[in-house]
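Below is one structure, written out as structure tokens; the observations come after it.
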Amino acid sequence: MPRLFFALWPDENTRQALTTLSELLVKKGVKPVTPENLHVTLAFLGQVNAEQAQFLLEHANGVHFKPVQLCFDQLSYWKKPRVLCLSARETPVALAGLARDLSGLGLACGLEMDGRPYVPHVTLAKKVSKALVLEFEPIDWLANAFVLAESVSQPGGVRYEPVNRWSFTCARTQVQTE
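Taking my numbering, the leading residue of the sequence shown gets 24, the next gets one more, and so forth.
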């Protein structure tokens, strides 16, 4: 059974900005997450059977969302999972709503979902022993699509692969910043 999650997937400019920040971590002796795996999780679904996967694919088509502008402006260290994250001081209401709706799809197909408040972040490094101080320019991310991605185990570690993508296509709607 595949391990799936809904996520924001960076465009090339955003991925390049994240990669540049990751290169600063290397100079501090930290092994960063591979650039191809950088993303913002919206809802972690876990092990999903074929019927549940089909439900998620079909019902994600009905999720309504508007483009959201995110500003990732702080480095956070989460001691318990030992991860270094890029996070935003503020969570746009529209993004929290999208994460809630996608988690609701997981619940609707019988998956056990995390009930904690949604905190948008990009995991930059894992197995980090302490917090780091790092000067960097904030990274702006226009979230105008989301993906259903699969976590694929391989000999060198895990690789995240988008399975499907949903875009917001109406150009006349303004980006939500709140």
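Backbone N, C-alpha and C define an ideal beta-carbon position, used for all residues, glycine too. Just so we're clear, the structure is a prediction, and the values are computed from it rather than from any experiment.
8 Å Cβ shell around residue i - same chain, five flanking residues per side excluded
i, result
"Cys108", "Leu98, Ser99, Tyr100, Trp101, His144, Val145, Thr146, Leu147"
"Leu130", "Met136"
Per-residue burial, residue i [other beta carbons within 10 Å of its own, 16 or more giving buried]
i, result
"Ser45", "buried"
"Val156", "exposed"
Residue i versus the options, residue with shortest Cα-Cα distance
i, options, result
"Gln88", "Val116, Glu81, Val63", "The amino acid occupying residue 88 in the given sequence is Phe; Gln does not appear at that position. Nearest C-alpha to Phe88: Val116."
"Val106", "Ala83, Val91, Ser152", "Ser152"
"Leu121", "Leu61, Leu93, Leu65, Ser174", "Leu65"
"Arg26", "Phe67, Val49, Arg123, Ile162", "Phe67"
"Ala30", "Leu118, Thr43, Val49", "Leu118"
"Ala83", "Ala166, Tyr183, Asn60, Ser126", "Ser126"
"Glu35", "Asp163, Pro178, Leu134", "Asp163"
Simplified DSSP state of residue i, which is helix, strand or coil
i, result
"Ser126", "helix"
"Leu157", "coil"
"His82", "helix"
"Leu171", "strand"
"Val106", "strand"
Residues of its chain near residue i, where Cβ-Cβ distance is below 6 Å and the 5 sequence neighbours each way are ignored
i, result
"Asn72", "Met24"
"Val170", "Ala30, Trp32, Pro185, Arg188"
Length of the line joining the Cα atoms of residue i and residue j
i, j, result
"Ala76", "Val175", "15 Å"
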